[in-house]
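Heads up: the structure comes next, in structure tokens.
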Amino acid sequence: MLNKKRLENLSLIKKKKLLGQKEEITTLDNEFEKNKSNKEKLKKILKNTSIENTELAWNMKEKSEYKLKLIEQIYISENREKFLSIEMKRAKNNLGKLIKEKEIVDEKIKLITQLEKNNKENQFINSMPPQKNN
Numbered sequence: 020m021l022n023k024k025r026l027e028n029l030s031l032i033k034k035k036k037l038l039g040q041k042e043e044i045t046t047l048d049n050e051f052e053k054n055k056s057n058k059e060k061l062k063k064i065l066k067n068t069s070i071e072n073t074e075l076a077w078n079m080k081e082k083s084e085y086k087l088k089l090i091e092q093i094y095i096s097e098n099r100e101k102f103l104s105i106e107m108k109r110a111k112n113n114l115g116k117l118i119k120e121k122e123i124v125d126e127k128i129k130l131i132t133q134l135e136k137n138n139k140e141n142q143f144i145n146s147m148p149p150q151k152n153n
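When you read off a place in the sequence shown, starting at 1, and then add 19, the result is the number in the numbering used here.
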């Protein structure tokens, strides 16, 4: 009985961890999509920023610096994308591990419950007086 309560508490803890892990995956996925969208916007801005030959030197210099900053931001965004994909893979592996652990705990609870039920049935059957033969 004590073992069953301990396992039920463990099951609740696993369930809580599962919910936390699912929330982490959702957050990482949202960040990944947001980062991807921002990177595409930066690429479009970079593509639309062109330097013409008729511009003044200071204007060309400003646009060139602006393009360098855009390229730097795209590079940072690509690194963040790599990092987020690695983190998502790690989180998904943890989620799979937690699911397996919870399944094992739930299976043990089910087994203990079945054993307790069988023991109660056996006690009930054994406590009944034997039938008289007429």
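Cβ atoms here follow ideal geometry from the backbone N, Cα and C, with glycine treated the same way.
With contact defined as three or more Cβ pairs closer than 8 Å, the segment 21–35 and the segment 90–97 are not in contact.
About 17 Å separates the Cβ atoms of S96 and N67, ruling out a contact at the 8 Å cut-off. For T45, the secondary structure class from DSSP, reduced to helix, strand or coil, is helix. Judged by beta-carbon spacing, A110 lies beyond the 9 Å limit of L65, meaning their Cβ atoms are not closer than that value. Contact annotation: the segment 31–39 touches the segment 111–119, with at least three C-beta pairs closer than 8 Å. For E59, the three-state secondary structure derived from DSSP is helix. If you ignore the 5 residues before and after L87, its C-beta comes within less than 8 Å of no other C-beta in its own chain. Here L103 is buried, its C-beta having at least 16 other C-beta atoms within 10 Å.
When secondary structure is reduced to three states using DSSP, N72 falls in the coil class, being assigned neither helix nor strand. Excluding its 5 nearest sequence neighbours in each direction, M107 has C-beta neighbours in its own chain below 7 Å: I44, L47, D48 and F51, listed in chain order.
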